[in-house]
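> Numbering (UniProt numbering), first residue to last: 1 to 310.
We put the CB at the ideal spot given by N, CA and C, even for glycine.
Let me begin by handing over the structure; questions about it come next.
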Amino acid sequence: MSAQHASAPRPAEGRVVVVTGAGRGLGRAHALAFARAGARVVVNDLGVALDGATGAKTPARQVAAEIRAEGGEAAVSTDDVADSAGAAGLVRTALDHFGRLDTLVNNAGFLRDRMLVNLDEDDWDAVVRVHLKGHFLPMKHAAAHWRAETKAGRTSGARVVNTSSGAGLLGAVGQGNYTAAKAGIAALTLVAAAEFGRYGVQVNAVAPAARTRMTEQTFAEDMAAPTDGGFDAMAPENVSPLVVYLGSAASAGVTGRVFEAEGGRITVMDGWRRTAHTDKSARWDVTELDAPIRKLLDEAPAPEPVYGAQ
Ligand SMILES: NC(=O)c1ccc[n+]([C@@H]2O[C@H](COP(=O)([O-])OP(=O)(O)OC[C@H]3O[C@@H](n4cnc5c(N)ncnc54)[C@H](O)[C@@H]3O)[C@@H](O)[C@H]2O)c1
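Have a look at this one:
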């Protein structure tokens with residue numbers, strides 16, 4: 001590491017961290033932050049275009065070179081995270097290069113936004129595949145490794161940090177495919193946290209907001225860097241400290257939670273929970289339901305608005 005980082009505390013010292021989609025945007029910021037925090041990093045990126053179309057596989061190599069230029073250690077993976085062999089390859093790359101795996105950051109993905117009425121089946125499949133399957137498969141292969149470690153008597157202290165989104169938590173107009181995938185990731189995080197706890201693995205998710213190629217055009221005004229030299233709240237680097245914390249030993253005991261992260265603000269997001277209820281202790285007749293349903297809706301908390309809804 002450079003002299004600039006040499007004296008800083010290194011909360012991820014000794015850890016081996018896989019970051020998917022780390023060639024650009026948020027993933028790049030996370031990979032660099034982990035390396036500066038002392039981790040050895042597997043920089044994964046398939047190098048696809050904004051809509052997932054095949055692209056040059058150079059971004060992962062570039063970020064690995066940036067890490068090495070700062071004196072850190074990095075290995076490159078150009079595996080497809082949503083492919084079983086690719087997801088297995090992530091774990092293998094960590095073990096082959098660094099002999100261990102401590103943290104998996106699932107972050108890779110792309111968008112194909114359309115109103116539901118215009119959404120092609122291909123655009124549905126591609127977006128659900130890269131985000132939802134692209135979280136499931138790396139978690140499955142990483143967990144198989146950590147289960148084997150536990151069986152061999154070694155404690156893993158491992159961490160998974162998943163990437164949901166405000167769209168997945170509240171819904172977003174024009175992003176039905178993405179919303180469904182990111183909502184699935186939030187729910188999958190809860191299941192993984194409950195299942196992997198027995199192997200000493202903690203699983204949390206972040207819902208970030210930052211200026212990347214994914215957002216800089218659609219939300220140009222909200223994402224712009226300040227011109228007066230003030231805090232650049234939408235810089236992707238602002239999300240990385242939380243991701244490094246959740247991916248490090250310091251977050252012991254924190255699991256199964258979803259955090260929204262934007263600029264300097266961190267919010268604990270709370271999902272579905274039972275609110276107002278009624279029980280007739282017998283089967284309802286359709287004709288008697290209107291009044292009790294309206295009463296329940298009056299009593300229940302109002303839902304948060306869907307992003308982009310009028
Ligand atoms: N930018 C935001 O404000 C925002 C908001 C909410 C959620 N997110 C989520 O954060 C994550 C990162 O997004 P970003 O804004 O940095 O976008 P980005 O496009 O800058 O980076 C995503 C990277 O993932 C890679 N990738 C895509 N498919 C892949 C695959 N199958 N295997 C491996 N790599 C693949 C791409 O090549 C790209 O480099 C995504 O999951 C995104 O949905 C971003």
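1. Please check the pair residue 208 and residue 261, which I expect to be a contact at CB under 8 Å, by giving their CB distance rounded to whole angstroms.
2. Which parts of the region 20-78 are runs of the beta strand (DSSP E), unbroken and 3 residues or longer, counting only runs that do not cross its ends?
3. In this structure, how does DSSP classify residue 265 when only helix, strand and coil are distinguished?
4. Please go through the same chain and pick out, in chain order, the residues whose beta-carbon is closer than 7 Å to the beta-carbon of residue 155, but skip the five residues on each side of it.
5. Which of the three DSSP states, helix, strand or coil, is assigned to residue 2?
6. Are residue 84 and residue 137 closer than 7 Å when you measure CB to CB?
7. Curious, which full-length beta strand (DSSP E) runs of at least 3 residues does the region 119-170 contain?
8. If the criterion is Cβ atoms closer than 7 Å, does the pair residue 161 and residue 26 meet it?
9. Whether or not the region 98-108 and the region 14-25 are in contact is what I'm after, with contact meaning three or more pairs of Cβ atoms, one per stretch, closer than 8 Å; do they touch?
10. Here's the rule: buried if 16 or more other CB atoms are within 10 angstroms of the residue's CB, otherwise exposed. What is residue 284?
11. Quick check: does the Cβ of residue 123 come within less than 6 Å of any heavy atom belonging to ligand 1?
12. Report the rounded CA-to-CA distance for residue 2 versus residue 175, giving the unit in angstroms.
13. Can you tell me whether residue 17 is buried or exposed, with buried defined as 16 or more other CB within 10 angstroms of its CB?
14. By a C-beta neighbour count over all protein chains shown, 10 Å radius and 16 as the cutoff for buried, is residue 295 buried or exposed?
15. Using the three-state DSSP reduction, which class does residue 107 fall into: helix, strand or coil?
16. Which value, in whole angstroms, describes the spacing of the CA atoms of residue 310 and residue 63?
17. So is residue 303 buried or exposed if we call it buried at 16+ other beta carbons inside 10 Å?
18. From which residue to which residue does the beta strand (DSSP E) around residue 208 run?
19. Kindly list the residues whose CB is nearer than 6 Å to the CB of residue 38, restricted to its own chain and excluding five residues on each side of it in sequence; keep chain order.
20. According to DSSP, simplified to helix, strand and coil, what is residue 305?
21. I need the straight-line Cα distance from residue 277 to residue 180, nearest angstrom please.
22. Straight-line CA distance for residue 134 to residue 286?
23. Within this structure, are the beta carbons of residue 223 and residue 234 separated by less than 7 Å?
24. Taking buried to mean at least 16 other C-beta atoms within 10 Å of its own C-beta, is residue 33 buried or exposed?
25. Using the DSSP secondary-structure output, state which residues sit across from residue 114 in a beta bridge.
26. Is the separation between the beta-carbon of residue 71 and that of residue 79 shorter than 7 Å?
According to the structure data:
1. 5 Å
2. 40-44, 74-77
3. strand
4. 200
5. Unreliable placement is indicated for residue 2, whose pLDDT of 48 sits below 50; no coordinate value is reported for it.
6. yes
7. 159-163
8. no
9. yes
10. exposed
11. no
12. Legend: pLDDT at residue 2 = 48, less than 50; position of this residue unreliable, no value from coordinates given.
13. buried
14. exposed
15. coil
16. 40 Å
17. exposed
18. 202-209
19. 10, 12, 13
20. coil
21. 26 Å
22. 42 Å
23. yes
24. buried
25. 175
26. no
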